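A.B. asks:
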Amino acid sequence: MASKQSEANKKHYETIAAHAQSGEQLSPEEAAAWSDAEWTKLTAEPGGVDFLEMEVGGKPALWIVPKGAALDRVIFYIHGGGFVGGSIYTHRKMIAHLAKATGCRALAMSYDFVHQRRHYPAQRNQAVDVYRWLLDQGIEPRHIAGAGDSAGAAILFGALLVARDRGLPLPAAIMSISGWFDMTASGASYQSNSQKDLFFQRETVQWLAGMVLAGADPRDPYASPLFADVTGFPSIFLQAGGDETLLDDSRVFAERARAAGVDVRLDVFPQMLHSFQMMAGRAPEADDAIARLAAWVRPKLGLPGTESNAS
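So in my numbering, spot 236 of the sequence shown is number 236, and the numbers just go up one at a time.
1. When you compare only the Cα positions, how much space is there between ALA188 and LEU71?
2. Quick one, are the C-beta atoms of ALA291 and PHE276 less than 9 Å apart?
3. In whole angstroms, give me the CA-to-CA distance for PRO46 and LYS93.
4. At which residue ranges does the segment 43 to 113 contain complete beta strand (DSSP E) runs of 3 or more residues, listed in the order of the chain?
5. Please list the terminal residues of the continuous beta strand (DSSP E) segment that includes SER176.
6. Assuming PHE269 is part of the beta strand (DSSP E), what are its boundary residues?
7. The alpha helix (DSSP H) spanning ASP249 covers which residue range?
8. Within 10 angstroms of the Cβ of GLU30, are there 16 or more other Cβ atoms? Answer buried if so, exposed if not.
9. Leaving out the 5 sequence neighbours to the left and right, which residues in its chain are closer than 8 Å to ILE16 when beta-carbon positions are compared?
10. Round the Cβ separation of ASP322 and ALA260 to the nearest angstrom and send it over; I've been treating them as touching at under 8 Å.
11. Among SER3, VAL212, GLY68, GLN195, which has the Cα closest to the Cα of ASP112?
12. Is it the case that the Cβ atoms of VAL162 and VAL128 are separated by a distance below 9 Å?
13. Pick helix, strand or coil for LEU160, following the three-state DSSP scheme.
14. Answer with buried or exposed for ALA18, where buried requires no fewer than 16 other C-beta atoms within 10 angstroms of its C-beta.
15. When the Cα atoms are used, what is the spatial distance from ALA122 to SER87?
16. How many angstroms separate the CA atom of SER311 from the CA atom of GLN21?
17. Do three or more CB pairs link the segment 262 to 270 to the segment 233 to 246 at distances below 8 Å?
18. When the Cα atoms are used, what is the spatial distance from TRP133 to GLN195?
19. Mapping DSSP to helix, strand and coil, what is ASP217?
20. On a Cα-Cα basis, can you pick out the residue from PRO141, PHE227, PHE157 that is closest to LEU170?
21. When you compare the CB positions of PHE237 and LEU293, do they come within less than 9 Å of one another, or not?
22. Measure the Cβ-Cβ separation of ALA106 and ILE64 and say whether it is below 9 Å.
23. Ordered along the chain, which non-local residues of its own chain (more than five positions away) have a Cβ less than 7 Å from that of ARG164?
24. For the beta strand (DSSP E) containing ASP243, list its first residue and its last residue.
25. How many angstroms separate the CA atom of HIS79 from the CA atom of ALA173?
26. For the beta strand (DSSP E) that ASP149 lies in, which residues bound it at each end?
27. Return the residue from the list GLN201, ALA61, HIS115, ARG117 that minimises the CA-CA distance to THR90.
28. May I have the straight-line CA-CA distance separating ALA283 from GLY305, to the nearest angstrom?
29. Would you decide whether LYS4 is buried or exposed? Buried here means 16 or more other CB atoms lie within 10 Å of its CB.
30. Would you mind giving the Cβ-Cβ distance between GLY146 and PHE76, rounded to the nearest angstrom? I have them listed as a contact below 8 Å.
31. Need the endpoints of the alpha helix (DSSP H) that ASN125 sits in, please.
32. Tell me the DSSP secondary structure of SER189 in three-state form.
33. Express the C-alpha separation of GLY148 and ARG298 in angstroms, rounding to a whole number.
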C-alpha cells in the first residue's frame, strides 16, 4: 500500500489537472510559474549540501555539492517539466538527495522552453553543449553519470545519441526517472492507467509533443528515444511509477535497449505516479527509489558501494 506521505505527489497532479480544466486563462509563463511553485514544495530540503550558481553556455546552471563528495565524479542532470516548465530550482533538492546518496557532486543544467519559441532540437543541442563543456573541464567520461526525469530524460538520450554520432565518449551510466521516450504517445499504459494518472492523459501528452516538435516527425529517434538504436550505450537504470500513463515508455524502451545489447535495469514502483522521486526526504517510496539509484550508480562511477538488487 502506498504511504500516506506519497499522496502529496498524487494530489499535486490532481491539482494541476483540475486547474487545467478550470478554464482559467494563464499565459505559458504564468502557468509554469504556478506549477513550479507547487512542484518544489514536494521535496524536503537535504542537509549538508552546497548549491553553487553559475552559467554554462549563457544559461543558468547549478553545481550541487554534498559535504565530503567526490569532486571528480559528476551526475549530469537534466530536469523535466514537459519542455514548458520545471527548472534547476524546482529540482535542486531532489537532485541533491541523489548526489548526497551517491557521494558525488551533480551539475544541473537549464534549457529553453517551447513557449519561448525554442522548439526541438534546441534543448537537445543545449544539452550536447553542456555535456561537451563538462568533458572540457577535465571530468573523465567514466566518472560521469547522465540522469534526467520525464522530458529531461528524453533530452538526455537525444543529446547522447548526438554525442555518439560526433565521436564523443559516452558517460559511464545513465539514470532515467519516468522518462518521456515516445512523442507519439503510443503506449498501452495511457489507456490502462488513464483513471489513475489524471494529468498525463494521451491527448495532453500529444498536445505537448506537438508544441515541442513544431512539425518535426514524432518518431524522430533524437526526439523520441523509444525509436532510437542505442547500440553501444552504457548501462541504463530506468525507474517508473506503476500507476503512471507513461509507464510503457520505460517498459518498451527497456525491451528495445536490451535487444540492442545494452545492460538495462527497470524498476517499477507500485501505486506511484510520474516522477514520484520528487518527494525525496518526505515519502519512503521516493527515498527508496533514490537509494536504489545511488547504490546502482556508485560502482559504475568507481565509488565505494555495492549495487542494490531491490526491485
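C-beta atoms are modelled at their ideal positions from N, C-alpha and C, and glycine is treated no differently. No experiment lies behind these values; they were computed from the predicted model shown.
C.D. replies: Reading from the atomic positions:
1. Position 188 of the sequence shown, counted from the start, is the residue given in the question as residue 188. Position 71 of the sequence shown, counted from the start, is the residue given in the question as residue 71. Spanning the two alpha carbons is a distance of roughly 42 Å.
2. Position 291 of the sequence shown, counting from 1, holds the residue named residue 291. Position 276 of the sequence shown, counting from 1, holds the residue named residue 276. No, the Cβ-Cβ distance between ALA291 and PHE276 is not below 9 Å.
3. Along the sequence shown, read from residue 1 onward, the residue named residue 46 stands at position 46. Along the sequence shown, read from residue 1 onward, the residue named residue 93 stands at position 93. So the two alpha carbons sit approximately 6 Å from each other.
4. Runs found: 49 to 56, 59 to 66, 70 to 78, 104 to 109.
5. On the sequence shown, residue 176 is found 176 positions in, with the first residue counted as 1. Taken as a continuous stretch (DSSP letters only), the beta strand (DSSP E) holding SER176 covers 173 to 177.
6. Stepping through the sequence shown from its first residue, residue 269 is reached at position 269. Run containing PHE269: 264 to 269, per the beta strand (DSSP E) assignment.
7. Translated into the one-based positions of the sequence shown, residue 249 becomes position 249. Here the alpha helix (DSSP H) through ASP249 covers 247 to 259.
8. Along the sequence shown, one-based indexing puts residue 30 at 30. With fewer than 16 other Cβ atoms within 10 Å, it is exposed.
9. Counting from 1 along the sequence shown, the entry for residue 16 is found at position 16. Only residues of its own chain outside the window of five on either side were considered, and among them SER35, GLU38, PHE199 have a CB closer than 8 Å to the CB of ILE16, listed in chain order.
10. The structure shown does not extend to residue 322, since the chain is modelled only from 1 through 311, so no value can be given for it.
11. On the sequence shown, residue 112 is found 112 positions in, with the first residue counted as 1. Per the Cα distances, VAL212.
12. Looking up residue 162 in the sequence shown gives position 162. Looking up residue 128 in the sequence shown gives position 128. For VAL162 and VAL128, yes; Cβs fall inside 9 Å.
13. Within the sequence shown, numbered from 1, the residue matching residue 160 stands at position 160. Of the three classes helix, strand and coil, the one that applies to LEU160 here is helix, per DSSP.
14. Position 18 of the sequence shown, counting from 1, holds the residue named residue 18. Exposed, by the Cβ-count rule.
15. Position 122 of the sequence shown, counted from the first residue, corresponds to residue 122. Position 87 of the sequence shown, counted from the first residue, corresponds to residue 87. Distance from the CA atom of ALA122 to the CA atom of SER87, rounded to whole angstroms, is 16 Å.
16. For the purposes of this step, residue 311 is taken as residue 311 along the sequence shown, with counting starting at 1. For the purposes of this step, residue 21 is taken as residue 21 along the sequence shown, with counting starting at 1. Summary for SER311: the model assigns pLDDT 43, below 50, so the residue's position carries little reliability, and this model does not support an answer.
17. A contact is defined here as three or more CB-CB pairs under 8 Å, and the segment 262 to 270 meets this definition with respect to the segment 233 to 246.
18. Against the sequence shown, residue 133 aligns to sequence position 133. Against the sequence shown, residue 195 aligns to sequence position 195. Cα-Cα distance, rounded: 43 Å.
19. Counted from its first residue, the sequence shown places residue 217 at position 217. Taken through DSSP and simplified to helix, strand or coil, ASP217 comes out as coil.
20. Taking the sequence shown and counting its residues from 1, one reaches residue 170 at position 170. Here the closest residue by C-alpha is PRO141.
21. Here residue 237 refers to the residue found at position 237 of the sequence shown. Here residue 293 refers to the residue found at position 293 of the sequence shown. At a Cβ-Cβ threshold of 9 Å, PHE237 and LEU293 count as neighbours.
22. The residue labelled residue 106 in the question sits at position 106 within the sequence shown. The residue labelled residue 64 in the question sits at position 64 within the sequence shown. Taking 9 Å as the Cβ cut-off, ALA106 and ILE64 qualify as a contacting pair.
23. The residue labelled residue 164 in the question sits at position 164 within the sequence shown. Apart from sequence neighbours up to five positions away, the residues of its chain that approach ARG164 with a beta-carbon distance below 7 Å are LEU170, GLY232, ordered along the chain.
24. Translated into the one-based positions of the sequence shown, residue 243 becomes position 243. Looking at the DSSP string, ASP243 is not in any beta strand (DSSP E), and its letter there is neither H nor E.
25. Position 79 of the sequence shown holds residue 79. Position 173 of the sequence shown holds residue 173. Annotation: HIS79 to ALA173 spans about 17 Å, alpha carbon to alpha carbon.
26. What you label residue 149 is simply residue 149 of the sequence shown in a count that begins at 1. DSSP places ASP149 in the uninterrupted beta strand (DSSP E) bounded by 144 to 149.
27. As a working note, residue 90 is residue 90 in the sequence shown. Considering only alpha carbons, the answer is ALA61.
28. Here residue 283 refers to the residue found at position 283 when the sequence shown is read from its first residue. Here residue 305 refers to the residue found at position 305 when the sequence shown is read from its first residue. Approximately 24 Å, taken between the alpha carbons.
29. Along the sequence shown, read from residue 1 onward, the residue named residue 4 stands at position 4. Exposure of LYS4 is indicated by the presence of fewer than 16 other C-beta atoms within 10 angstroms of its C-beta.
30. Counting from one through the sequence shown, the residue named residue 146 turns up at place 146. Counting from one through the sequence shown, the residue named residue 76 turns up at place 76. 5 Å between Cβ atoms; contact.
31. Position 125 of the sequence shown, counted from the first residue, corresponds to residue 125. Segment 122 to 136, the alpha helix (DSSP H) holding ASN125.
32. By 1-based counting over the sequence shown, the position of residue 189 is 189. Assigned with DSSP and collapsed to three states, SER189 falls in helix.
33. Taking the first residue of the sequence shown as 1, we reach residue 298 at position 298. Taking the first residue of the sequence shown as 1, we reach residue 148 at position 148. Answer to the nearest angstrom: the Cα atoms are 17 Å apart.
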